[in-house]
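In full-length UniProt numbering, the protein residues as written are 8 to 847.
Note that CB positions come from ideal geometry on N, CA and C, so glycine has one too.
As the structure is a prediction and not an experimental result, all values here were calculated from the model.
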Ligand code: GL2
């Protein structure tokens, strides 16, 4: 029973632990061992939290073993290896995933039972590793899972942020951010590597030698210390590594003299500066110091990772008679996850030129054959530009190199493509506008990378036709598409065991977990009444679990018999959570105007919205507040609250997603067409049999193609219509739908409290907001959105039809496995092959 010593019930548990044991009694012995001998807590306390840490450590022992074998295998075979550089990883919890991938969940459940605990409660003790912001970070984590599962020689690199993005609290004032303290106690999943340390320099100057060579000297030097997180593949021994860097100052930087003199702060100045580097993900960048800190973070990741990669390359070459730097790209692929790690390009150049003594042409050849870049957005504000003066100060040698890359690019275009002269202004890397000279990171990436990819077909088409069109005419085959994917392990097999068991039963195989295309086999049973009933009961079980969670965290009781309608993602105007809540408001008004009998004919709905608004994004925070205010009114209105509930689910993260997604029936992916590069939660919902209401944007387009257009609630303008619609709007040609006007007016009337929502509503009108009035076309798309919502209500009334559509959604989701995505990267960009650890 909870609260007793781990040894209390251990009569049948062996005394000696064996880390690789699979028998539940022996597994219990391992857990016991960690509870007793790990110094983290008293052996007399064995509550779920202690049981979690002890279980995690026992699983880690196993992972360490597999990990060492994997590393040795890679070392021995010396295959070409991919290094994935990302400022974000949204790993979520690791325990369920690890025991699931290792296929030891039953043994752990039994073992914990023997120790008086319940696995489900124990796994809940883990804090999410939330070293990311949204889809881009979660994508990186899904990719690691697929790389390991596909036995690919690959490694992830990131930063070990002390605090993640932030923890979202909902108060009467709206969203409040507090530090996300994932390391408050400690993480049992990371292993510090005291022997893996690299110096990383900032500031300083460039010294020029008589022979023309250059070297970056002086400035401040910090140490990058490696923490490795094991990433197990599914049912394979291969266990790869996510290497996270932490910044430290050297002991020599601690001024003992000053300290003894009572000057404590200045004595440890570099130590506290080092702590700032990895303190938080995305520190506010409104100030100059905030911008500098972000740039430092990016360079820190790039420099440490490249030094590590080069060292490993040399280690593996050691003992071979002769080797050349030109072989580097046949051993190393570096993938830049968005522009955040762009500095890897000039840093690799610098290391090759200044440390290894290569000439420019040779260094450029190696660099460009090594690096590839993924673009994740076309939003202009997200395309990074760094001030040239800040860059010259912080990274003087890199700016020299960037300057040279820019010059050579200009020269190359002038010689080979004089017709592009007039475009060079936009194509070049440096924007020398005297008001604000900047370095355009995306341009640096496109010029330097051998391959550039978008993350869904529509997004890649837009990159080709618009953002990067001029480059495509120079390098026609540089641009590729790699439609995103999600790992079916975390996002179906482990988060939705009920549905997984049904799928396995009907497909008569569990192979779908690693070959998601097999789901198509469900199509033939979509009308089968037995499958439909099983399907419905799995959904109901997930809805009930979700309802309990919602009650616990919000105090709102929701009815599992109502339609569960969910929109969860970062709060952003382009994602149009505002359209969703305006729709809810209109629905509420309509319900209010109905007679009790009329209400009985409606489809009861529970609308759930969740997501974080960036701390400085005022309109996004207003949207969060509005959803909460609407919920307060609707949920306590006895006339309508059995037909409509509106819930804001606080602190959306990976673990919350694992509860929400299986329990949802409808999910909203309603961005303005052309603005959501891909979206990945749309794939997770669809995989779990949830229907989508959405626009033709990002990966929605491909999801609809795969599951069939009759199973998708489509509305809204298409991407190619958007520019003209914006123009019309500016020219006063837009006539708003009465439903849209009514919903806005209701808010302005104060129906949801006294908070001033006018600035938010004004962004939908006139020439406010982005300066152009309803830039995101909420007003234009609102009527077709409401019509689509009516089709949803009608479809839900036909239970058999809805269940069929749900089954067909899952059946058509095979394409969206990150195993497919990663296989394509491996073949078409990285040119790497499987390197499997032999089973002993
Ligand atoms: C994003 C895109 O907005 C999103 O549409 C895409 O699915 C992911 C992953 O490719 O990348 N770009 C971005 O900057 N963030 C994203 O989530 N944060």
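Residue i to residue j span [Cα, whole Å]
i, j, result
"residue 367", "residue 375", "12 Å"
"residue 25", "residue 38", "10 Å"
"residue 101", "residue 509", "25 Å"
"residue 847", "residue 215", "55 Å"
"residue 712", "residue 72", "44 Å"
"residue 796", "residue 559", "29 Å"
"residue 602", "residue 120", "54 Å"
"residue 189", "residue 277", "24 Å"
"residue 777", "residue 629", "Bear in mind that the predicted position of residue 777 carries a pLDDT of just 47, short of 50, making it unreliable; the figure below should be weighed with that in mind. Taking the straight line joining both Cα atoms gives about 15 Å."
"residue 418", "residue 455", "15 Å"
"residue 775", "residue 733", "With a pLDDT of 48 at residue 775, under the threshold of 50, the predicted position of this residue should be treated as unreliable, though the coordinate-derived value follows. Distance between the alpha carbons of residue 775 and residue 733 is about 13 Å."
"residue 51", "residue 45", "12 Å"
"residue 253", "residue 168", "8 Å"
"residue 300", "residue 200", "25 Å"
"residue 489", "residue 290", "30 Å"
"residue 670", "residue 615", "11 Å"
"residue 689", "residue 498", "12 Å"
"residue 575", "residue 634", "13 Å"
"residue 464", "residue 346", "20 Å"
"residue 526", "residue 718", "16 Å"
"residue 442", "residue 393", "14 Å"
"residue 14", "residue 125", "Confidence in residue 14 is poor, its pLDDT being 48 and thus under 50, which makes the residue's placement too unreliable to answer from."
"residue 531", "residue 800", "26 Å"
"residue 8", "residue 58", "Any reading at residue 8 must be qualified, since the residue scores a pLDDT of 34, below 50, and its modelled position is unreliable; no value is offered."
"residue 116", "residue 43", "20 Å"
"residue 638", "residue 764", "15 Å"
"residue 10", "residue 112", "Confidence at residue 10 is low in this model, with a pLDDT of 38, below 50, so its placement is unreliable and no value can be given for it."
"residue 613", "residue 566", "8 Å"
Beta-carbon proximity check, residue i vs residue j, cutoff 8 Å
i, j, result
"residue 563", "residue 642", "yes"
"residue 122", "residue 35", "yes"
"residue 109", "residue 164", "no"
"residue 788", "residue 724", "yes"
"residue 175", "residue 658", "yes"
"residue 817", "residue 715", "no"
"residue 246", "residue 77", "yes"
"residue 469", "residue 681", "yes"
"residue 592", "residue 833", "no"
"residue 496", "residue 666", "no"
"residue 198", "residue 152", "no"
"residue 829", "residue 150", "yes"
"residue 408", "residue 357", "yes"
"residue 288", "residue 140", "yes"
"residue 679", "residue 767", "no"
"residue 186", "residue 89", "no"
Opening and closing residue of the beta strand (DSSP E) in which residue i lies
i, result
"residue 782", "Where residue 782 is concerned, there is no enclosing beta strand (DSSP E), given that its DSSP letter is neither H nor E."
"residue 253", "246-255"
"residue 703", "Here residue 703 belongs to no beta strand (DSSP E), and DSSP marks it neither H nor E."
"residue 459", "458-461"
"residue 223", "221-224"
"residue 577", "It is not in any beta strand (DSSP E) - residue 577 carries neither H nor E in the DSSP assignment."
"residue 343", "339-344"
"residue 393", "392-394"
"residue 237", "227-239"
Boundaries of the alpha helix (DSSP H) in which residue i is found, first to last residue
i, result
"residue 423", "403-423"
"residue 152", "142-156"
"residue 68", "55-84"
"residue 455", "448-455"
"residue 357", "351-357"
"residue 273", "271-274"
is_contact[residue i, chain D] using C-beta, thresh 8 Å
i, result
"residue 292", "Of the chains in the structure shown, none is chain D; there is only one protein chain."
Threshold first: 4 residues or longer. Then list the alpha helix (DSSP H) segments lying entirely within the region 464-526, N to C. Those alpha helix (DSSP H) runs which fall completely within the region 464-526 and span 4+ residues are 464-469, 476-481 and 504-514.
Can you check the region 643-707 for any alpha helix (DSSP H) of at least 4 residues that lies completely inside it and give the ranges in chain order? 661-667 and 688-694
Which residue spans inside the region 157-204 form an unbroken beta strand (DSSP E) run of at least 3?
-> 161-166, 174-178 and 181-185
- Which parts of the region 600-629 are runs of the alpha helix (DSSP H), unbroken and 4 residues or longer, counting only runs that do not cross its ends? 603-607, all fully within the region 600-629.
- Which residue spans inside the region 787-839 form an unbroken alpha helix (DSSP H) run of at least 4? Within the region 787-839, the alpha helix (DSSP H) runs of at least 4 residues that lie entirely inside it are, in chain order, 806-818 and 825-832.
| task | Run through the region 728-760 for me and flag every whole alpha helix (DSSP H) of 4 or more residues, listed as ranges in chain order. | result | Runs of alpha helix (DSSP H) with 4 or more residues, each lying fully within the region 728-760, are found at 729-737 and 745-755, listed in chain order.
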